[in-house]
Structure formats: structure tokens, C-alpha cells
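Numbering (the working numbering) for the sequence shown: 11 to 217. Here a beta-carbon is modelled for each residue, glycine too, at the ideal position from N, C-alpha and C. Predicted model only: the values in this text are computed from it and were never measured. Okay, structure first, notes after.
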Amino acid sequence: MEWATLALGAGVALFALVDVWYLLRMPLTMLYARCFLPTVWDLLEEQSSRGLVLLSDLDCLLHMNNARYLREADMARGMHLTRCGLFRAVRALGAHTVLAASCCRYRRSLRFLEGFVVRTRLLGWDERAFYLEQRFVSARDGFVCAVVLVRQHVVGASPDKAVSYLCRRKVESPELPEEVKHWLKYNEASSQRLRAESNIQKKEKEQ
């Protein structure tokens with residue numbers, strides 16, 4: 011009985027202090043994609059993953075909370091990059107990927123028990139990152155409820171090398187959509203402003 015109480019307490023503490031479901035779900039999702047789903051040979055082909063709004067996804071207004079969209083996008087993106095082989099190619103080059111930026115635009119709420127599909131597609135790449143678009147589409151009427159843009163950096167190699175390794179030939183990136191170019195300009199402007207503020211603060215400390 012004492013051991014059961016300790017185990018229960020440890021379990022409650024673990025779930026309270028660590029995001030256990032996320033840490034379990036991500037590797038299981040990628041394992042499922044690798045072992046049970048067919049490989050997608052076309053890098054630019056759109057892939058879909060289904061979801062359902064559960065009680066744990068709701069906010070006080072009884073629709074899916076903002077953070078859940080980004081979590082579901084994480085899972086769908088991991089599945090996408092696993093199935094098309096880009097994760098494998100990046101690892102083979104001794105590199106890894108990291109999320110550098112994301113932008114989510116919400117268009118309509120997803121409500122309790124409403125089904126949805128996350129449609130993920132690779133838009134292109136440059137010397138540092140892959141760019142993806144992820145759409146949350148209502149299974150009820152096909153309305154695009156949210157759109158996520160993602161900048162996935164490759165650390166230790168380049169996206170171009172990863173694509174060439176995977177395809178065994180040089181492949182040029184498609185031209186990025188106009189809205190993505192505007193988003194990248196915003197990111198660069200924000201970085202420049204933050205660097206300038208950092209330099210000002212540094213100079214003030216030196217005085």
C-alpha cells in the first residue's frame with residue numbers, strides 16, 4: 011500500500027512538472043509514420059493528418075485553445091518530414107533541425123468533438139531553412155480554420171545538401187509564395203531591431 015501511494019504520488023508529480031503526453035506522443039507519432047505509413051517520394055506533395063478536438067484541448071470559451079494548434083502542427087510536421095525522408099537525410103549528414111519561427115493565423119474556431127485535418131506541405135528552402143505551410147481544415151465543411159507558416163532551420167548542414175542527399179541529385183527550391191517573402195522580411199526587420207537594441211544596451215553598460 012505504501013509503495014502504491016508513493017508510485018501514485020510520483021506519477022502525479024511527473025505529470026504536473028513535465029509535459030509527459032507531448033514527450034510520449036512525438037516519438038510515437040514519428041515511429042508510426044516511419045513503420046506503418048507509406049513513404050512519400052515527392053517532397054512537395056501535401057500530406058494530411060487527422061485530429062479531433064477533445065476536452066483537454068478546450069479553453070474557457072469551449073473551443074480549441076491557441077496553443078493546441080501549434081502542438082498539433084508539431085505532430086503533423088514531424089510526421090510529414092519523417093514520411094518524405096528529410097529527417098533521415100538531415101540525420102545522415104550529422105545535422106538536426108530546430109524550429110526557428112512560426113506564425114499562426116486563426117480564421118474560425120474549432121469546437122468540442124469537431125474533427126479536423128492538418129494539411130502540411132513543403133513550400134521551399136534556402137541556404138538555412140525549410141519553409142512549410144500547415145492548414146487546419148474542418149472535417150465538417152472543409153473550411154480552413156487556421157494557417158501556420160513554419161521556418162525549420164537545419165543546424166550542422168544546409169537544406170540544399172539534405173535535399174540533394176535524399177534525391178541523389180541537385181534540386182532547386184520552388185519560388186516561395188509572396189506572403190512567405192513578406193513574413194521573412196518581417197523576421198529580418200525584427201532581428202535587426204533587436205540586435206540594435208542589444209548593442210545600445212551593451213554600450214550603456216560599458217559607459
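Distance between residue j and residue i (C-alpha atoms, nearest Å)
i, j, result
"V190", "E124", "29 Å"
"C70", "C113", "23 Å"
"F153", "K171", "37 Å"
"C45", "R117", "34 Å"
"T39", "S201", "33 Å"
"A110", "V158", "13 Å"
"N76", "L91", "23 Å"
"D52", "R35", "26 Å"
"A14", "L64", "30 Å"
"Y196", "A105", "27 Å"
"E12", "E207", "56 Å"
"Q204", "W135", "It is worth fixing the name first, because residue 204 is Leu in this sequence and not Gln. Computed Cα separation, rounded: 25 Å."
Proximity to residue i [Cα-Cα], best of the options
i, options, result
"L103", "V165, M40, E207 and V22", "V165"
"S148", "V22, W13 and G61", "G61"
"E185", "F140, S201 and R115", "F140"
"V127", "V108, Q57 and G95", "Q57"
"R87", "H73, F146 and V63", "F146"
"K180", "E188, S168 and P187", "S168"
"C155", "D136, R121 and R203", "R121"
"T130", "R203, S119 and E55", "E55"
Collapsed DSSP secondary structure at residue i in the structure displayed
i, result
"C155", "strand"
"V173", "helix"
"L27", "helix"
Residue span of the beta strand (DSSP E) that contains residue i, given as start and end
i, result
"S59", "Q57 to L62"
"W135", "G125 to W135"
"R115", "H106 to Y116"
"F140", "A139 to S148"
Cβ separation of residue i and residue j, assumed to be a contact under 8 Å, to the nearest whole Å
i, j, result
"A99", "Y42", "About 20 Å; that fails the 8 Å criterion."
"D84", "M74", "D84 to M74, Cβ: 14 Å. No contact."
"L142", "Q162", "7 Å"
Residue range of the unbroken alpha helix (DSSP H) whose run includes residue i
i, result
"M89", "N76 to R93"
"L72", "No alpha helix (DSSP H) holds L72; DSSP gives it neither H nor E."
"R179", "From DSSP, R179 is part of no alpha helix (DSSP H); its letter is neither H nor E."
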